[in-house]
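In our numbering, the protein residues as written are -1 to 376.
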């Protein structure tokens, strides 16, 4: 029986998989991938399918659905908790497990769909927390070595929604491999959360930034915030048929940021990241060039902008659709592109290109997509 990628991804688009293997053990995961590599093939690795836009033509090869399970507590120093988590564990189930035990460090990452093994690939983050702050290492099935090796977090070049493991726009990653497991270092501090580091979350909780609260209260508030934006999977809510935030917040030079309207949100940063592509409006010809060069390098005086603000100020509102298209902007959150029912990958891509073009025409900033593309390009 043919399996459609639309059945395995949260955007609900994607054609047939030639072959689907559900890897429920580490041995089957490693063995299947090694077999494909030995045959000169490049399998498609699929976790929760929450960060992928797959082509309507499907995938001509093996799709390996990572379904491994297991959370192991390792030895650690007093006040800290080390966990080794198999790649197929649901990320939010892992967060719930940690919160239920009173361990902090990932509570603000509640409600993020997908698998634990996918988390380090784009250094997931939300509401003032990023995986980078708790990730110790990953067990990686290395494409060059054809064996599982332990890679320390500092070797992954973790940045804003990126790492050396990420396939930017479908490109080959700097380090090719399959995450088999991750190791985390959490805090065990009487059930208290990490200090609240995000203003919207602090406002929702009615506290000042830096406050520590019972960890379960923080998770509850984060889930409520994400649900209000259609960012918690719900079969009854078509706004959740998405890949979450489709575009990353652009990072530009401080000088360029000063050229934007005074009310444009902006946050100074110090981390390395992919810089946004900035095109002088007088030179823009209506096309978006492909990103060039390494996906991460040092860039001085960087400022992060709000992609949602840019989209809205470019005239694209919540619920917007191109004529005749079944792809739309979420009715709750302008950063999410949604499948309103029966949309194709081409329709999602067309809407993404339209959003990119409008923002580029208005502000000279080319928004960079966050999902992994399989057989699709913008």
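For every residue, glycine included, the Cβ atom is placed at its ideal position computed from N, Cα and C. No experiment lies behind these values; they were computed from the predicted model shown.
Anticipated Cβ contact below 8 Å, residue i with residue j, distance rounded
i	j	result
residue 193	residue 208	5 Å
residue 226	residue 211	Incorrect: roughly 19 Å between the Cβ atoms, too far for contact.
residue 1	residue 18	5 Å
residue 365	residue 305	6 Å
residue 20	residue 65	5 Å
residue 138	residue 147	6 Å
residue 313	residue 356	7 Å
residue 15	residue 61	4 Å
residue 264	residue 230	The pair is not a contact, with the Cβ atoms about 28 Å apart (cut-off 8 Å).
residue 195	residue 123	No, residue 195 and residue 123 are not in contact; Cβ-Cβ is about 11 Å, not under 8 Å.
Residues sharing a beta bridge with residue i, DSSP
i	result
residue 181	82 and 135
residue 57	15
residue 245	367
residue 70	82
residue 251	300
residue 50	370
residue 63	20 and 44
residue 212	190
Proximity winner among the options, relative to residue i (alpha-carbon distances)
i	options	result
residue 173	186, 123 and 118	118
residue 100	185, 305, 326 and 260	185
residue 353	156, 77, 338 and 308	308
residue 35	144, 61, 20 and 81	144
residue 153	166, 136, 213 and 359	136
residue 70	16, 5, 140 and 182	182
residue 214	47, 65 and 103	103
residue 25	301, 178 and 347	178
residue 114	180, 332, 321 and 4	180
residue 374	346, 359, 360 and 358	346
residue 163	259, 43, 32 and 59	43
residue 260	303, 189 and 8	303
residue 439	41, 73 and 142	A query on residue 439 cannot be resolved here, the shown segment of the chain reaching from -1 to 376 and no further.
residue 22	315, 45 and 224	45
residue 33	7, 105, 6 and 141	141
residue 222	5, 105 and -1	105
Rounded C-alpha distance that separates residue i from residue j
i	j	result
residue 56	residue 86	22 Å
residue 107	residue 202	15 Å
residue 317	residue 340	16 Å
residue 63	residue 232	21 Å
residue 158	residue 77	28 Å
residue 39	residue 29	14 Å
residue 47	residue 120	14 Å
residue 323	residue 266	37 Å
residue 200	residue 170	39 Å
residue 349	residue 362	18 Å
residue 220	residue 334	18 Å
residue 217	residue 80	20 Å
residue 75	residue 234	44 Å
residue 257	residue 310	18 Å
residue 189	residue 97	8 Å
residue 128	residue 187	19 Å
residue 134	residue 73	13 Å
residue 360	residue 205	37 Å
Nonlocal neighbours in the same chain, by C-beta distance under 7 Å from residue i, ignoring five residues either side
i	result
residue 369	49, 50, 51, 241 and 244
residue 67	84, 86 and 87
residue 7	47, 50 and 52
residue 82	70, 72, 179 and 181
Own chain partners of residue i with C-beta closer than 8 Å, once the 5 adjacent residues on each side are dropped
i	result
residue 54	11, 12, 13, 342, 343 and 344
residue 90	108, 109, 110 and 111
residue 197	207
Own chain partners of residue i with C-beta closer than 6 Å, once the 5 adjacent residues on each side are dropped
i	result
residue 336	237, 239, 240, 326 and 328
residue 246	159, 366 and 368
residue 271	Here residue 271 scores only 45 on pLDDT, less than 50, and its place in the model should not be relied on; the value that follows carries that caveat. Correct list, in chain order: 157, 158 and 249.
residue 130	121 and 156
residue 330	227, 228 and 237
residue 252	299 and 301
Any non-hydrogen atom of the ligand GDP closer than 7 Å to residue i Cβ
i	result
residue 258	The ligand GDP is absent from the structure shown, which contains no ligand whatsoever.
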